[in-house]
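Worksheet: one structure, shown below.
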Amino acid sequence: MGFLAGLTQPRSLMNTWYEVFDNEQVQYVTRQQVGGLMIGLAASAALSGALVVWAQTYVSLWLLLPLLAVTWAGLGWGVFRWLQRMRRVMWCIKLSDRCIAGYDYARRKTRLDWTKVDRVVFAKRGLVVETDGGPCLEVSHLFPDYAAISHRVIEYAEFYELPLFVNGQPWQHLSVYQLYPFLDAASGQAP
Numbered sequence: 002m003g004f005l006a007g008l009t010q011p012r013s014l015m016n017t018w019y020e021v022f023d024n025e026q027v028q029y030v031t032r033q034q035v036g037g038l039m040i041g042l043a044a045s046a047a048l049s050g051a052l053v054v055w056a057q058t059y060v061s062l063w064l065l066l067p068l069l070a071v072t073w074a075g076l077g078w079g080v081f082r083w084l085q086r087m088r089r090v091m092w093c094i095k096l097s098d099r100c101i102a103g104y105d106y107a108r109r110k111t112r113l114d115w116t117k118v119d120r121v122v123f124a125k126r127g128l129v130v131e132t133d134g135g136p137c138l139e140v141s142h143l144f145p146d147y148a149a150i151s152h153r154v155i156e157y158a159e160f161y162e163l164p165l166f167v168n169g170q171p172w173q174h175l176s177v178y179q180l181y182p183f184l185d186a187a188s189g190q191a192p
């Protein structure tokens, strides 16, 4: 009887209203970049193997292997950092009054609660929603609705009193002439 009683009682539904923005071009471009990286890594591994086989007759393996190990360690670290950066580029963004969620090139979901966000940064590549030491979301300027996304993110950032940065500087410290240097030449006066 308890099971059936639970079915007949109205549930408390919380409205989860999202605005969804997506751009398959961003996903395609990012996947192409990651695919190119993987092809490059495979070619580098084949080249390393060929180098070891060729160098056995000319150079001691005790000299070559540590050199290759250091090279591959550096390459591995660089690839890891680059993949982390690609993972924060989102092709689908969901905005709500509680959180921002996005999907990366591999369709992995990253969800950030607005109360956990530390800052919103407008950079040359796009809009970045950052947490301190945690995951970040990057919205590429390639989105056709980039202006609408930016305005909505600014509204949520202002509501949650999050700092806004433009090219690494708080927006309050910028002048129009720093953002648009051509205005200085057009006006004929110095700032």
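Numbering (our numbering), first residue to last: 2 to 192. For glycine and all other residues, C-beta sits at the position ideal for the given N, C-alpha and C. Just so you know, these numbers come straight off a predicted model, no measurement behind them.
Within 9 Å, strictly: CB atoms of residue i and residue j
i: Tyr104; j: Trp115; result: no
i: Val140; j: Glu131; result: no
i: Glu162; j: Ser97; result: no
i: Arg89; j: Val60; result: no
i: Gly127; j: Tyr106; result: no
i: Leu69; j: Val53; result: yes
i: Lys125; j: Asn168; result: yes
i: Leu38; j: Trp73; result: no
i: Gly79; j: Leu113; result: no
Neighbourhood of residue i by C-beta distance below 7 Å, restricted to the same chain and skipping five residues each side
i: Ala56; result: Leu65
i: Val177; result: Leu184
i: Gln173; result: none
i: Pro164; result: Arg120, Pro171
i: Leu5; result: Residue placement at Leu5 cannot be trusted, given a pLDDT of 40 that sits under 50; the coordinates are not used to answer.
i: Lys110; result: Ala102, Tyr104
i: Leu175; result: Val167
Beta bridge counterpart(s) of residue i as assigned by DSSP
i: Gln33; result: Per DSSP, none; premise fails for Gln33.
i: Glu20; result: Leu96
i: Tyr104; result: Cys93, Lys110
Between the CA atoms of residue j and residue i - distance to the nearest angstrom
i: Gly41; j: Gln33; result: 12 Å
i: Phe81; j: Ser45; result: 16 Å
i: Thr58; j: Cys137; result: 49 Å
i: Ala158; j: Pro182; result: 27 Å
i: Leu143; j: Val27; result: 7 Å
i: Arg153; j: Arg108; result: 23 Å
i: Trp18; j: Ala51; result: 56 Å
i: Cys100; j: Gln85; result: 21 Å
i: Glu25; j: Val35; result: 15 Å
i: Leu62; j: Ile155; result: 58 Å
i: Met87; j: Phe160; result: 29 Å
i: Tyr29; j: Gly77; result: 24 Å
i: Thr31; j: Ser49; result: 27 Å
Chain-order list of residues whose beta-carbon lies under 6 Å from that of residue i (same chain, five-residue window excluded)
i: Ala43; result: none
i: Ala47; result: none
i: Gly75; result: none
Same chain, Cβ closer than 8 Å to residue i, five either side skipped, listed in chain order
i: Ile150; result: Phe22, Ile94, Leu96, Leu128, Val140, Phe144
i: Asp133; result: Asp119
(Q) Report the start-end ranges of each alpha helix (DSSP H) in the region 40-98 that is 4 residues or longer and not cut off at the edges. (A) 62-88
Q.
Ignoring anything shorter than 3 residues, give me the beta strand (DSSP E) runs that lie fully in the region 107-178, in order along the chain.
A. 110-114, 120-123, 127-131, 138-141, 165-167
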